[in-house]
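Residue numbers (the numbering used here): 86 to 218. Ideal placement from N, C-alpha and C gives every residue a C-beta, glycine not left out. Single-structure report; data block below.
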């Protein structure tokens with residue numbers, strides 16, 4: 086007598102996005118790799134959209150632009166970054182990134198710190214806030 090086993094994948098409905106991809110009002114975040122004190126994300130920001138002005142108490146971020154244009158604001162300065170350019174955002178520094186271009190902005194983000202939880206996002210401008218931004 087043979088025992089039939091249920092296929093665990095059959096219990097979950099199919100999804101058009103990978104389990105490590107998260108939709109946001111401004112675009113998507115895809116977790117590429119994570120370890121104890123780091124996380125590597127692929128971030129895509131749609132044209133004309135922005136990520137809320139925020140800061141983190143426990144992590145720094147390094148962004149590398151893959152394609153498109155990023156307008157990055159932090160430490161009371163603003164800069165435009167294009168493909169192959171990067172910037173570093175230290176812990177406890179308010180920052181914002183937006184896509185002023187006409188094509189999607191794609192960045193690789195390396196987060197590094199003692200705690201990388203989503204609750205280490207402090208949003209600083211009320212008009213930027215939307216759930217899960």
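- Query: DSSP state of residue 183, grouped into three classes?
  - Reply: The DSSP-derived three-state label of residue 183 is strand.
- Query: If you count every other CB in all the chains shown that lies within 10 Å of the CB of residue 187, and 16 or more means buried, which is it?
  - Reply: For residue 187, the number of other beta carbons within 10 angstroms of its own is below 16, and it is reported as exposed.
- Of the residues 206, 199, 128, 180, the one placed nearest residue 121, counting alpha carbons only: Of the listed residues, the one whose Cα sits closest to residue 121 is 199.
- Query: Can you list, in chain order, the residues of its chain whose CB lies under 6 Å from that of residue 196, leaving out five sequence neighbours each side?
  - Reply: The beta carbon of residue 196 lies closer than 6 Å to those of 124, 144, 146 in the same chain, with the five residues before and after it left out.
- Could you name the residues of the same chain whose beta carbon sits closer than 6 Å to that of residue 114, not counting the 5 residues immediately before and after it, in chain order? Counting only Cβ-Cβ distances below 6 Å, and skipping sequence neighbours, we find 107, 126, 128.
- 3 or more residues per run - each beta strand (DSSP E) lying fully within the region 94 to 152: Whole beta strand (DSSP E) segments, 3+ residues: 106 to 109, 112 to 119, 123 to 130, 135 to 140, 144 to 152.
- With distances taken from CA atoms, which of 208, 153, 175, 116 is nearest residue 183? Nearest to residue 183 by alpha-carbon distance, out of 208, 153, 175, 116, is 153.
- Message: Suppose the cutoff is 7 Å on Cβ atoms and the five residues either side in sequence are ignored; what does the same chain contact list for residue 151 look like?
- Response: Apart from sequence neighbours up to five positions away, the residues of its chain that approach residue 151 with a beta-carbon distance below 7 Å are 168, 191, 192, 193, ordered along the chain.
- Item | Under the three-state DSSP convention, the category residue 160 falls into | Note: residue 160 maps to coil in three-state DSSP.
- When DSSP labels each residue in this structure, what does residue 194 get in the three-state scheme? Looking at residue 194 - three-state DSSP - the assignment turns out to be strand.
- Query: Does the distance from the C-beta atom of residue 139 to that of residue 109 stay below 9 Å?
  - Reply: At a Cβ-Cβ threshold of 9 Å, residue 139 and residue 109 do not count as neighbours.
- Message: Tell me the rounded alpha-carbon separation between residue 166 and residue 141.
- Response: Looking at the two C-alpha atoms, the distance is approximately 22 Å.
- Task: Name the two residues that bound the continuous beta strand (DSSP E) containing residue 200.
- Result: Looking at the DSSP string, residue 200 is not in any beta strand (DSSP E), and its letter there is neither H nor E.
- Message: Under DSSP, the beta strand (DSSP E) around residue 174 begins and ends at which residues?
- Response: Segment 171 to 174, the beta strand (DSSP E) holding residue 174.
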